[in-house]
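Peer 1: Residue numbers (the numbering used here): 722 to 1299. Below are the structure tokens for one structure; questions will follow.
Here you go:
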């Protein structure tokens, strides 16, 4: 296939798509920025990208391929390396009849076309693709799975029972020389590429499992080279400053790494198991912007109440939910609203997950007895206006937090409970005085994270018998058959049907009636008053609203909330879709 040689500017003028003045301005812009002419025209808003691609498709007599709806075959894609795909802005779409169809951002780039022909060593046909879609597709399709297997085999060949040299591994050889570091680097790159929040390295009797948590769900890769587990664990311990000789006790550490120009803090945890040490790493992207409250999915009514609560001069706000429900992200979002030069903010965390300017953040270090309670006793002398405590873990921490709230400070903290109402019982069980809770507690925000439906493969969903039975437990809930959606799975969501997460929230403001129930230690009355409050909406109700809006699936709500929908009363007003 020979590419037709056309002059883009002349073509666009002939088609009356742009004016001569716009072309001259785009050429000047091109000369100052180095962009190609088509991109310059789009950047200056003289031409819509879709219109440009359609015009080139017609003029060159080549197809336009929408990559968002394209099912890639990894074997075909890997005919071109990721390096060349990014550099040449091209991706292999399919092979057939000894020819290769290649998607290109700029089919007029003759040098790129010639290089592709040389690299692929077969006749190629060209399709035109959108650049943003191409870059997203490259990030998704070029996973490191095969590279991880290859490096694991290489490392396994070098590490035998007779030549395993701890001293050599401990010297910190460069990434390019040490197979163990190249393997770790590849594992980290793969995790960063799919936005994994955690990496699990789990040795079994005959295999090694490497699992990544993506949007709250673990995805597994199995390596047969079980011998590499010890080398990976050892190197990670060295990076995290842990005791490499101690294999019988759990250890915690942290280190920082840079992956493709992004800085990550890695929280490291080791645990002795039957077949070796299990290692879990939490990846905290320090290069990512902190999410704003409006990006978390908090309903407008709840957000307005939250902003009113945190503007108070003193009190306690609790954010509750299980591990991994986004509590810390919510707290940081609240603190960012209050982070002004007038407010002195101190946080006590284990660990400090995100660094924020102007805020004094304290990292708990149990090894040197720098505990929550010890830090809290000291920071009250630091004249703070606002205190954030990572977690209320014991009676002493709870008492200090309550007394800090009553002495003129506003305190934020988290608690591990299933919902807002049960948080009061949890506080009392931890030894907190009821009169203190009733006096200082302003509100409780309970939350979960649910996966979003992938917008690229969303379609209508027919309810299963299990889902219908689950909905029947919600008294009075009426729904139409075509209310709910699902994702069928595509390349962009790794065939899961989901992409990204959003919060589901339950907000309970402590009214005088609720405070009186707390003071009398009457949990039954507290629950009754909360449930009858017209401003209070249960987690299930707010989750159902997201499902009815097509944001998430009913199956995802059942997975997250389980049996919690049983006998949940509907609010006085019908559930409506905003």
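Ideal Cβ positions, reconstructed from N, Cα and C, are used throughout, including at glycine.
Using a Cβ distance threshold of 8 Å, determine whether the stretch 1175 to 1182 contacts the stretch 1200 to 1209, with at least three qualifying pairs required.
Peer 2: Touching, per the Cβ criterion.
Peer 1: Could you check where the alpha helix (DSSP H) with residue 732 kicks off and where it finishes?
Peer 2: From DSSP, the alpha helix (DSSP H) with residue 732 extends over 729 to 735.
Peer 1: Quick test of your reading: residue 1270 and residue 1226, contact by CB under 8 Å. State the CB separation rounded to the nearest angstrom.
Peer 2: Not confirmed; about 15 Å, so no contact.
Peer 1: With a 10 Å radius around its C-beta and 16 neighbouring C-beta atoms as the bar for buried, classify residue 887 as buried or exposed.
Peer 2: Interpretation of residue 887 is limited by its pLDDT of 45, a score under 50 that renders its predicted location unreliable; no figure is taken from the coordinates.
Peer 1: For residue 730, count neighbouring Cβ atoms within 10 angstroms of its own Cβ and tell me buried if that reaches 16, exposed if not.
Peer 2: When all chains shown are included, residue 730 counts as buried.
Peer 1: Helix, strand or coil for residue 864? Go by DSSP, reduced to three states.
Peer 2: DSSP places residue 864 in coil when its eight states are reduced to three.
Peer 1: Please classify residue 977 as buried or exposed, where buried requires at least 16 other C-beta atoms within 10 Å of its C-beta.
Peer 2: The residue in question, residue 977, is exposed, as its Cβ has fewer than 16 Cβ neighbours within 10 Å.
Peer 1: Considering only their Cβ atoms, is the gap separating residue 932 from residue 920 smaller than 9 Å?
Peer 2: Their beta carbons are under 9 Å apart, which means residue 920 touches residue 932 by this criterion.
Peer 1: Have a look at the DSSP bridge pairing and note the partners of residue 1147.
Peer 2: Its beta-bridge partners do not exist; DSSP assigns none.
Peer 1: What's the gap between the Cα of residue 1043 and the Cα of residue 1118?
Peer 2: If you take the alpha carbons of residue 1043 and residue 1118, they lie about 19 Å apart.
Peer 1: Are residue 1056 and residue 1109 touching if we call contact CB-CB under 9 Å?
Peer 2: The answer is yes: Cβ separation under 9 Å.
Peer 1: Please report the residue range of the beta strand (DSSP E) in which residue 993 lies.
Peer 2: It spans 983 to 994 - the beta strand (DSSP E) in which residue 993 sits, taken as one unbroken run.
Peer 1: In this structure, what does DSSP give as the bridge partners for residue 1081?
Peer 2: Partner(s): 1067.
Peer 1: Starting from residue 1208, trace the beta strand (DSSP E) in both directions and tell me its first and last residue.
Peer 2: First-last of the beta strand (DSSP E) with residue 1208: 1206 to 1208.
Peer 1: Could you pull the DSSP bridge partners for residue 998 from this structure?
Peer 2: Residue 998 pairs with 993.
Peer 1: How long is the line joining the alpha carbons of residue 1251 and residue 1229, rounded to whole angstroms?
Peer 2: Taking the straight line joining both Cα atoms gives about 7 Å.
Peer 1: In terms of alpha-carbon separation, which member of 794, 810, 837 lies closest to residue 1211?
Peer 2: Considering only alpha carbons, the answer is 794.
Peer 1: Within 10 angstroms of the Cβ of residue 1079, are there 16 or more other Cβ atoms? Answer buried if so, exposed if not.
Peer 2: Exposed: under 16 other Cβ atoms inside 10 Å.
Peer 1: Between 1254, 849, 945, 820, which lies nearest to residue 872 when the distance is taken from Cα to Cα?
Peer 2: Measuring from the Cα of residue 872, the nearest candidate turns out to be 945.
Peer 1: Beta strand (DSSP E) containing residue 692: first to last residue?
Peer 2: Any question about residue 692 goes unanswered here, given that the chain covers just 722 to 1299.
Peer 1: Since residue 810 contacts residue 782 with CB under 8 Å, what's their CB separation in whole angstroms?
Peer 2: Not confirmed; about 21 Å, so no contact.
Peer 1: DSSP beta-bridge partners for residue 1308?
Peer 2: As shown, the chain starts at 722 and ends at 1299. That puts residue 1308 outside it, with no answer to give.
Peer 1: Taking one C-beta from the stretch 966 to 974 and one from the stretch 1010 to 1024 each time, how about it: are there three or more such pairs within less than 8 Å?
Peer 2: In short, these stretches do not touch, since the Cβ pair count stays below three.
Peer 1: Given this structure, state the Cα-to-Cα distance separating residue 897 from residue 856, to the nearest angstrom.
Peer 2: Caution applies to residue 897, whose pLDDT of 37 falls short of 50 and renders its modelled position unreliable; the value that the coordinates give is listed next. Roughly 26 Å between the two C-alpha positions.
Peer 1: Do you know offhand how far residue 1267's Cα is from residue 758's?
Peer 2: Cα to Cα, residue 1267 sits roughly 43 Å from residue 758.
Peer 1: As a quick exercise: from 1175, 1173, 1158, pick the residue whose alpha carbon is nearest that of residue 1236.
Peer 2: Residue 1158 is the option with its Cα nearest to residue 1236.
Peer 1: Run through the DSSP bridge pairs and tell me what residue 1174 is partnered with.
Peer 2: Its beta-bridge partners are 1219.
Peer 1: When the distance is taken between beta carbons, is residue 1052 closer than 9 Å to residue 1133?
Peer 2: Result yes, Cβ atoms of residue 1133 and residue 1052 sit closer than 9 Å.
Peer 1: Quick check: what's the CA-CA separation for residue 1058 versus residue 1126?
Peer 2: Cα-Cα distance, rounded: 19 Å.
Peer 1: Relative to the alpha-carbon of residue 789, which residue among 1281, 1140, 1215 has its alpha-carbon at the smallest distance?
Peer 2: Measuring from the Cα of residue 789, the nearest candidate turns out to be 1215.
Peer 1: I need the DSSP call for residue 790, collapsed to helix, strand or coil.
Peer 2: Helix.
Peer 1: Helix, strand or coil for residue 940? Go by DSSP, reduced to three states.
Peer 2: Of the three classes helix, strand and coil, the one that applies to residue 940 here is strand, per DSSP.
Peer 1: Below 8 Å, how does it come out for the stretch 846 to 855 and the stretch 824 to 838: are there three or more Cβ pairs, yes or no?
Peer 2: Judged by Cβ distances under 8 Å, the stretch 846 to 855 makes contact with the stretch 824 to 838, as three or more pairs qualify.
Peer 1: For the alpha helix (DSSP H) that contains residue 821, what are its first and last residues?
Peer 2: Counting along the chain, residue 821 falls outside any alpha helix (DSSP H), though it belongs to the beta strand (DSSP E) covering 820 to 825.
Peer 1: Spatial neighbours of residue 1300 within its chain, please: CB distance less than 6 Å, with the 5 preceding and 5 following residues excluded, ordered by chain position.
Peer 2: With the chain represented from 722 up to 1299, any question about residue 1300 goes unanswered, as that position is not in the structure.
Peer 1: Shortest alpha-carbon distance to residue 1141 belongs to which of 1039, 763, 1263?
Peer 2: Of 1039, 763, 1263, the residue nearest in Cα terms is 1039.
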